[in-house]
Amino acid sequence: MFAPSQLEVRRFFCQTYRKQRDGLPLTPMEAIASDWIAQHPEYHDELADEDAALAAVYTVEDGRTNPFLHLSMHLSLIEQHQIDQPTGVRQALDLLAARRQSLHEAHHEAMECLGEMIWTSQRSGLPPDGHAYLDCLRRKATRTPT
């Protein structure tokens, strides 16, 4: 299992953004990340300053979205979809994307489920509940957007 540190994750996204801007070759993982970076121009200034990115603190009280967490969740969802883990996530994400007519919008909704699963696991001390996660995704995929 690959478990990068917070600094490694931030460096990865900052360096991917720099390579993308400079037209340099990207690794396969960087190419995937680059696509999501391109869809989030609101993060470009933060990604452009690696030193500031490494030092930044994101708290709920600040009301700022952590771009590194957000982009990491996009990558997690892509990987989950590719390997269908937990089993059924591919179908749920495909249905959600079709219903929302946008993979990007589907990811943002799925992030709510993913975040809830992680938060619950951290608070309870129990392993992440893949069934509850899939139930959340399926509920989102079958309800009309508000």
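Each residue of the sequence shown is one higher than the one before, counting from 1 in full-length UniProt numbering.
Here a beta-carbon is modelled for each residue, glycine too, at the ideal position from N, C-alpha and C.
In its own chain, which residues sit with a C-beta less than 8 Å from the C-beta of residue i, not counting the 5 before and 5 after it?
i, result
"Lys140", "Leu96, Glu109, Ala110, Glu112, Cys113"
"His44", "Tyr17, Ile37"
Looking at residue j and residue i, is the spacing between their C-beta atoms short of 7 Å?
i, j, result
"Trp36", "His74", "yes"
"Leu137", "Ala92", "yes"
"Ala53", "Arg21", "no"
"Thr16", "Ser34", "yes"
"Cys14", "Glu50", "yes"
"Ile32", "Ile78", "yes"
"Gly130", "Pro86", "yes"
Quick check on residue i - is its C-beta less than 7 Å from some C-beta in chain C?
i, result
"Ala56", "You won't find chain C in this structure, because it holds only one protein chain."
Just to check my reading of the structure: residue i and residue j have Cβ atoms closer than 8 Å, yes? What is that Cβ distance to the nearest angstrom?
i, j, result
"Pro28", "Leu47", "So it is not a contact: roughly 19 Å between Cβ atoms."
Which word fits residue i, buried or exposed, when buried means at least 16 other C-beta atoms lie within 10 angstroms of its C-beta?
i, result
"Leu69", "exposed"
"Leu126", "exposed"
"Glu30", "buried"
Taking 7 Å as the limit between beta carbons, can you name the residues of its chain near residue i, skipping five residues before and five after?
i, result
"Tyr58", "Arg64, Asn66"
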